[in-house]
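The structure appears below as C-alpha cells.
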C-alpha cells in the first residue's frame, strides 16, 4: 500500500516555476523513477513492435509458415503481454505521483494560509486562494503524472532513430527530420495558447473571488437591496470568463486539428516515399511495413511532446499562483526569544495605549473611534509582530518574546466579525477538546451566550452540522455562537470585540450578567460602548486618540458627566466624563430596535447589516 500523502517541508522555492517543479520532484524521487522506468518499458515495447512485425513478414515471405515466422509471432505476443502488464502498473504509479504532488502542494498551501492569517487576507483574495487549491495544485501535479510517458517517448524516439538509420539511411533521415519539423509547426500555436490560458485563469480567479464574496455577504445584500447589482456584476464577469474560454478553445482546436493533420500528412509522405524505395528494390516489403509502423509510432512522441508542452504551460501558470500565496509573510512568528513561561495570572499591560488590566478583572474599553480600540485588541492578541508599538506584557513578560503557541494558550481574542466553520456544532464550538466535546460544557457556554435558540435552528442540535460560515443562522445567532466558542476556550485572558452588537437590549442584558459571572476570576477585556455591558464591568477605560484618557466604573463616569454639566466638576476629568457620556448616548441611539418575532432585536434579514459596531 503506497503512502500517498507525505507532507512537504515548509520551505518551498518561491521564485521560478522550474525551481518549484524540481523541488516537488525531489520530494518523491523513488516514485518518479518508477514512473519513468515504466514509461520507458511501455514506449519501447510499442516501438519495437514494427521491427518484429517486419521481420515476421520478411521471414514468412521467404520461408513460408516455418519456425522463423512462428518465433517472431511468439516474440510479438510476449512483447504485448509485457506491455499490457506494464501499462497497468505504470498507470497506478502515474496516479500515485499525481496524488502525492497534488496533496503535497495543497498541504503546503494549507499550512501557509493557517500561519499567514490576516496577512494573506490583505494580499490575496479569498476566491483566489480557493482557486489555487482547487485548480492550480492539480495542474502542477499533472507534470509528474505525465513525466514517465514523456521520458519514455524520448527514449523510444532515440531507439527508433537508431533502427531506422541502420535499415535505410534515406528513409530514416526523412522520418527523423519530418518529426521535428511537424513539432516546430505545432510549437507556433503553443505560445498564443499559453497567453490565452493565463488570461482565462486570471478571469476565472476573479469570478471565484466575486462569487465567494457575494455568497458570504448574501444576507447583507438582501437587506440593502443589492442583490441585483451583484448579480449583474457576476453575470458580467461570467461573460468575461466565457469569452476568455472561447478564445482558449479556439486556439486549442487549431492545435488539436494540426496534431491530427500534420502527422497524417507526414505519414502519407513516408508511405509514398517508402513504396517507391520498395518498388526500386532498395528495401524489403517487411522493411516497408516496419517503416510504416515506425512512422505511425513516432506520432506518439510528437503527440506526447505537444501534450507535455501544454501541461507544462498550465503548470507554469499554476506555480505562479501558488508561489504568490507562499510568498505572503505572516505577521507573527512562533519562535520565541525567552524561556520565561507566560504566567496564568498577572497584570495585562499595553504600553502603547497605557492600558493596564489587573488579573481576574472584567474591563471594558470605550472609544469614539472603533478602529483605535480594535488596534488595542489586535496588540493584546499579538496579531502583528511588525507593529512598531511596544509589545504588551502579561505578568511582566513581553508577548512578542514568547512562542506564539503559548500566547494563544493564554490569550484569546474574538474579533467583531468572527468566522464560523463547517462541521458538527459541538465540535466547532469546543475547539480545544482533545477528544469528544463535553456536551454539558458546550450547553453551559451556549446558555451564557443566550444562544439556546441556535439548537432549534440546527437540525439535531449539538450533533447537527453547522453550514459554512453559519449561513443558516441569523446575524445575532452567529455572534452568540462565536461568543460561546470563545468562552469554551477558558482562556486566562479573553478579549471580546463588540460581542453583543447584533442583539436586542433584553438579550444583551442577560448576556452581560452571565458573561461577568462566567468569567469571574479570569481576566476579561470587552471592547464595547453598550451601557448594558459597561454597567457590569469592574472597570471602564476610555480611549482617546489610542491612549487611555479616563478610567472608572460606568456609574462613576456618568455621574462625573452630570457634575460637569452642573459646573461642579471642571478640567480634564470633566471633559473626559462628557466625552464618555457622548459615546455611550450615541450607542444607545444607534442600538438595534426590538421588533416582535425577532429574538435578535433587528429587522430581517440580519442585524449585522447595520454594521458590527455601534
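Numbering (the working numbering), first residue to last: 3 to 616.
Heads up, the beta-carbon is just placed ideally off N, CA and C, and yes, glycines get one too.
- Assignment of residue 545 by DSSP, reduced to helix, strand and coil, places it in the strand class.
- DSSP, reduced to helix, strand and coil, places residue 433 outside both helices and strands of the structure shown, so it counts as coil.
- Assignment of residue 339 by DSSP, reduced to helix, strand and coil, places it in the coil class.
- In the structure shown, residue 344 falls within a coil segment according to DSSP collapsed to helix, strand and coil.
- In this structure residue 495 is not in contact with residue 365, their Cβ atoms being roughly 11 Å apart against a cut-off of 8 Å.
- In this structure, 403 is the residue among 299, 294 and 403 with its C-alpha nearest to the C-alpha of residue 343.
- Between residue 51 and residue 83 the beta-carbon gap is near 12 Å, outside 8 Å, which marks them as no contact.
- By the 16-neighbour rule on beta-carbons within 10 angstroms, residue 556 is buried.
- Contact between the segment 513 to 521 and the segment 531 to 542 is present, with at least three C-beta pairs closer than 8 Å.
- The Cβ-Cβ distance between residue 383 and residue 427 does not fall below 8 Å.
- Under a 10 Å Cβ-count criterion, residue 186 is classified as exposed, with fewer than 16 other Cβ atoms of the shown protein chains found around its own Cβ.
- Assignment of beta strand (DSSP E) within the segment 481 to 569, counting only whole runs of 3 or more residues, yields 495 to 499, 525 to 529, 541 to 546 and 549 to 554 in chain order.
- Comparing C-alpha distances from residue 425 to each of 418, 419 and 433 shows the shortest one belongs to 433.
- If you check the CB distance, residue 332 and residue 92 do not come in under 8 Å.
- Between residue 155 and residue 265, the gap from beta carbon to beta carbon reaches 8 Å or more.
- By the neighbour-count criterion, in which 16 or more other beta carbons inside 10 Å mark a residue as buried, residue 72 falls on the exposed side.
- Distance check between residue 360 and each of 523, 312, 329 and 238 places 523 closest, using alpha-carbon atoms only.
- Less than 8 Å divides the Cβ of residue 355 from the Cβ of residue 550.
- When the beta-carbon positions are compared, residue 74 and residue 58 come within less than 8 Å of each other.
- Straight-line spacing of the CA atoms in residue 409 and residue 396 works out to 10 Å.
- Out of 588, 240 and 257, the CA that lies nearest to the CA of residue 194 is found in 257.
- Here DSSP, grouped into helix, strand and coil, assigns residue 366 to strand.
- Residue pairing by DSSP puts residue 357 in a beta bridge opposite 352.
- A distance below 7 Å between beta-carbons, with the five flanking residues on each side excluded, links residue 375 to the following residues of its chain, in chain order: 367, 369, 529 and 545.
- For residue 414, the enclosing beta strand (DSSP E) begins and ends at 413 to 416.
- Judged by DSSP secondary structure, residue 81 falls within the alpha helix (DSSP H) whose first and last residues are 69 to 118.
- When DSSP states are grouped into helix, strand and coil, residue 21 belongs to the helix group.
- Proximity to residue 268 across 578, 293 and 132 peaks at 293, based on C-alpha coordinates.
- The Cβ atoms of residue 314 and residue 145 sit closer than 8 Å to each other.
- Residue burial annotation: residue 306 is buried, with at least 16 other C-beta atoms found within 10 angstroms of its C-beta.
- Apart from the 5 residues on each side of it in sequence, residue 345 sits with its Cβ closer than 6 Å to the Cβ of 397 in its chain, given in chain order.
- By a beta-carbon distance limit of 8 Å, residue 534 contacts residue 511. Their separation comes to about 5 Å.
- If you draw a straight line from the Cα of residue 578 to the Cα of residue 566, it comes to about 10 Å.
- Per DSSP, residue 31 is one residue of the alpha helix (DSSP H) stretching across 31 to 49.
- Excluding its 5 nearest sequence neighbours in each direction, residue 284 has no C-beta neighbour in its own chain below 6 Å.
- Residue 11 and residue 79 have their C-alpha atoms spaced approximately 46 Å apart.
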